[in-house]
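Trainee:
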Amino acid sequence: METQNSGVRQRIFIRNMMCSSCIRVVKEDLTKLGISVLDVKLGEATIVYDTEKISRSQIDEVLQDLGMGLISNKDEILVDQIKQTVIELVHYMNNVDSIVRKSEYLVEKMGKSYQTLSKLFSKVEPITLEKYIILQKIERVKELAMEDKISLSEIAWMMDYSSPHHLSNQFKIITGISLSDFKKDPAGHKKPINQLY
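As numbered in our numbering, residues 17 to 213 make up the sequence shown, in order.
(1) List the endpoints of the continuous alpha helix (DSSP H) containing Leu-172.
(2) Considering only residues of the region 125-149, which uninterrupted alpha helix (DSSP H) runs meet the minimum length of 4 residues and lie entirely inside it, listed in chain order?
(3) Within the continuous alpha helix (DSSP H) that includes Thr-67, where are the two ends?
(4) With distances taken from CA atoms, which of Asp-96, Met-84, Ser-71, Val-41 is nearest Leu-122?
(5) So, with DSSP's three-state summary, where would you put Asp-76?
(6) With burial defined as no fewer than 16 other Cβ atoms inside 10 Å of the residue's Cβ, what is the status of Asn-32: buried or exposed?
(7) From the DSSP output, which residues share a beta bridge with Gln-26?
(8) So Ile-149 packs on Val-102, CB below 8 Å; how close in whole Å?
(9) Please state whether the Cβ-Cβ distance between Ser-52 and Val-64 is less than 8 Å.
(10) So what does DSSP say about Glu-40, is it helix, strand or coil?
(11) Terminal residues of the continuous beta strand (DSSP E) containing Asp-201?
(12) Using three-state DSSP, classify Lys-165 as helix, strand or coil.
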């Protein structure tokens, strides 16, 4: 935290900031609160504000109204970065090689061993990192199935399943419905990627 003429300059870390539209919304809502937003990236923002007029709890309240929130714990910050990396990998890269070597990708991106990342994730979250990756993959499968542009075999290959049968089985275990039933009636079965558990 550094003091400037117009207030305190601070880098804040934001939980559940998972997509590019979040950047715009966070900037808009913090600005409405009277905060000067210098920079916003996924998971963080650099802001300047008057601490006598605006409290951290007010900032947190604004973010919570958006389904986000302030993070102050170092472990939570790292776990949020892990989540963002998994979402980037599964939802935005469409690179089979990266999904297949997801542990290598996480290690490269985070600069820590997969074992360390996995332990940290389980310490902070109620599920394992592997389960989180599976939940994200299933949500991506839902998107691809709804688009109906590629075959089930291609989706299975793209998401690193050994076969369409393996994908279908895991889909049913996770969602409680078959992939074919989902395709017939997807309403109500799609979840926001930051609220899967």
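Beta carbons: idealized from backbone N, C-alpha and C, even for Gly.
Mentor: Checking against the coordinates, here is how it stands:
(1) The sequence as given places Ala at residue 172; Leu does not occur at that position. 168-174 is the span of the alpha helix (DSSP H), which, as asked, contains Ala-172.
(2) 130-140
(3) That residue, Thr-67, is in no alpha helix (DSSP H); it is neither H nor E in DSSP.
(4) Asp-96
(5) helix
(6) buried
(7) Ile-63
(8) 6 Å
(9) yes
(10) Here residue 40 is Arg; the residue named in the question, Glu, does not match the sequence. Looking at Arg-40 - three-state DSSP - the assignment turns out to be helix.
(11) Run containing Asp-201: none; DSSP gives neither H nor E here.
(12) coil
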